[in-house]
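One structure is given here, and the rest of the page talks about it.
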Amino acid sequence: MSTLPAPSTAAPAAAAAPAAPAIELVVLDMAGTTVVDDGVVEQAFARVADRVDLGPTLTRDEALQHVRDTMGQSKIEVFRHLTGGDEPLAQRANEQFEVAYGELVDELGVEPIAGAGDLVDALRASGRSVVLTTGFSPATRDRLLDALGWTVDAALSPVDAGRGRPAPDLVLTALLRTGASSVAAVAVVGDTTSDVLSGRAAGAGLVVGVTTGAHTREQLFASGADVVLDSVRELAWLPQFAGVAVPAAAPVAAPAAVAVPVA
1 MSTLPAPSTA
11 APAAAAAPAA
21 PAIELVVLDM
31 AGTTVVDDGV
41 VEQAFARVAD
51 RVDLGPTLTR
61 DEALQHVRDT
71 MGQSKIEVFR
81 HLTGGDEPLA
91 QRANEQFEVA
101 YGELVDELGV
111 EPIAGAGDLV
121 DALRASGRSV
131 VLTTGFSPAT
141 RDRLLDALGW
151 TVDAALSPVD
161 AGRGRPAPDL
171 VLTALLRTGA
181 SSVAAVAVVG
191 DTTSDVLSGR
201 AAGAGLVVGV
211 TTGAHTREQL
221 FASGADVVLD
231 SVRELAWLPQ
241 FAGVAVPAAA
251 PVAAPAAVAV
261 PVA
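Anchor point for the sequence shown: position 181 equals 181 in the numbering used here, and the numbering is continuous, going up by one each time.
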């Protein structure tokens, strides 16, 4: 009579972890991330406060602090909060913000973050899609984009997606517009906690903060950034973008920011 072989006591070979999907789509914020802000958004809000009585809900200082805290979010949503939910007043204030921001663009010009345009070109040359997102209206967004002269796959405002940041709508709309295979193949880059939260909510495979805008390295990591860089230009230094060739700039030290906190 035959006998069954003794069961093996050897531990089964560990299955290899699947490789992370390659990044197909890069979603970049505008003001503070790819476009120099230098307080222009705050200046525009200050002009609105001079021209429109926002009501008694908040003092001027409290209102300005709310603007700082919610940098990156849809501007109409910010004004809805500042006006205590008075929709006609919020709409009027938002219109004045667009006017004031346009005035400041005329007065100060539009300056890209150093190397941002080269990065956009290099990403697209590598076969990746690039989408710019913003809390501005389409009119202001397009004015900035025209001044920059960049070619991108799409540029999106909250009205194009449904909700502004920190909701995931802008990121998910970018995915649908470009045909990226999955959210895991999307990288989201921004200077605000709202950018980071939006990327996390969308399930993006890589969420990157940059310190050229509104919020600090600590705030960006606390909001869930995988990586925090000193500038968007340094995105090409990450292993996910090996082979993306950005023209050399003036010599700078490699950023200590390219580090992911230990889970």
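Beta carbons: idealized from backbone N, C-alpha and C, even for Gly.
* Asked: Would a check of beta-carbon distances place T211 closer than 8 Å to chain C?
  -> Annotation note: the requested chain C is absent from the structure, which comprises a single protein chain.
* To do: Please list, in chain order, all residues of the same chain as N94 whose beta carbon is under 6 Å from its beta carbon, the five residues on each side excluded.
  => Start at 1 with the first residue of the sequence shown, and residue 94 comes out as number 94. Scanning its chain for C-beta atoms nearer than 6 Å, with the 5 sequence neighbours on each side dropped, one finds around N94 the residues K75, I76 and F79, in chain order.
* To do: Closer than 7 Å by C-beta to L123: which residues in its own chain qualify, once you throw out the five before and the five after it? Chain order, please.
  => Sequence index remark: in the sequence shown, residue 123 carries index 123 (1-based). Taken in chain order, the residues that qualify are V26, V130 and V244.
* Go ahead and pull the three-state DSSP assignment for G199. => The residue you call residue 199 lines up with position 199 of the sequence shown. In the three-state reduction of the DSSP assignment, G199 falls in the helix class, which pools H, G and I.
* Asked: Quick one: Cα of E111 to Cα of L58, how far?
  -> Translated into positions along the sequence shown, residue 111 becomes position 111. Translated into positions along the sequence shown, residue 58 becomes position 58. Taking C-alpha positions only, E111 is separated from L58 by approximately 33 Å.
* To do: Determine, using beta carbons only, whether S194 and T33 come nearer to each other than 8 Å.
  => For the purposes of this step, residue 194 is taken as residue 194 along the sequence shown, with counting starting at 1. For the purposes of this step, residue 33 is taken as residue 33 along the sequence shown, with counting starting at 1. No, the pair does not count as a contact, with Cβ atoms beyond the cut-off.
* Asked: In three-state terms, what does DSSP make of S74?
  -> Counted from its first residue, the sequence shown places residue 74 at position 74. In the displayed model, S74 falls within coil according to three-state DSSP, outside both helix and strand.
* By the 10 Å Cβ neighbour count, where 16 or more other Cβ atoms means buried, how is T96 classified, buried or exposed? -> The residue given as residue 96 occupies position 96 in the sequence shown. Sequence inspection shows Gln at residue 96; the Thr mentioned does not correspond to that position. Its Cβ being crowded by 16 or more others within 10 Å, Q96 is buried.
* Asked: Would the C-beta of V105 count as close to the ligand SAH, meaning under 7 Å from any of its heavy atoms?
  -> No copy of the ligand SAH appears in this structure; indeed no ligand is present at all.
* Asked: Which value, in whole angstroms, describes the spacing of the CA atoms of G117 and V152?
  -> On the sequence shown, position 117 is the one that residue 117 refers to. On the sequence shown, position 152 is the one that residue 152 refers to. Here the C-alpha atom of G117 lies approximately 10 Å from the C-alpha atom of V152.
* Beta carbon of T226, beta carbon of L206: below 8 Å? -> Along the sequence shown, read from residue 1 onward, the residue named residue 226 stands at position 226. Along the sequence shown, read from residue 1 onward, the residue named residue 206 stands at position 206. The displayed chain sequence assigns Asp, not Thr, to residue 226. Between D226 and L206, the CB-CB gap stays under 8 Å.
* Assigned secondary structure, D169 (DSSP; H/G/I helix, E/B strand, else coil) -> Taking the first residue of the sequence shown as position 1, residue 169 is located at position 169. The answer is helix: DSSP assigns D169 an H, G or I state.
* **Whole-number beta carbon distance between L175 and V208, since they are thought to touch under 8 Å** => In the sequence shown, the residue the question calls residue 208 occupies position 208. In the sequence shown, the residue the question calls residue 175 occupies position 175. 17 Å between Cβ atoms; not a contact.
* **Buried versus exposed, by CB contacts within 10 Å (16 or more), G164** => Residue mapping note: residue 164 aligns to position 164 of the sequence shown, counting from 1. It counts as buried.
* List in chain order: all unbroken alpha helix (DSSP H) runs of 4+ residues lying wholly within the region 82 to 122. => Here the runs fully enclosed are 87 to 108.
* Asked: In whole angstroms, what is the alpha-carbon distance linking L235 and G190?
  -> Residue mapping note: residue 235 aligns to position 235 of the sequence shown, counting from 1. Residue mapping note: residue 190 aligns to position 190 of the sequence shown, counting from 1. Just so you know, the alpha carbons of L235 and G190 end up roughly 11 Å apart.
* To do: Using the Cα positions of Q219 and R200, report the straight-line distance between them to the nearest angstrom.
  => Locating residue 219 in the sequence shown gives position 219, counting from the first residue. Locating residue 200 in the sequence shown gives position 200, counting from the first residue. Straight across, the Cα-Cα distance linking Q219 with R200 is about 14 Å.
* Environment of A22 [buried if 16+ CB atoms lie within 10 Å] -> Here residue 22 is taken as the residue at index 22 of the sequence shown, counted from 1. The residue is exposed, with fewer than 16 neighbouring Cβ atoms inside 10 Å.
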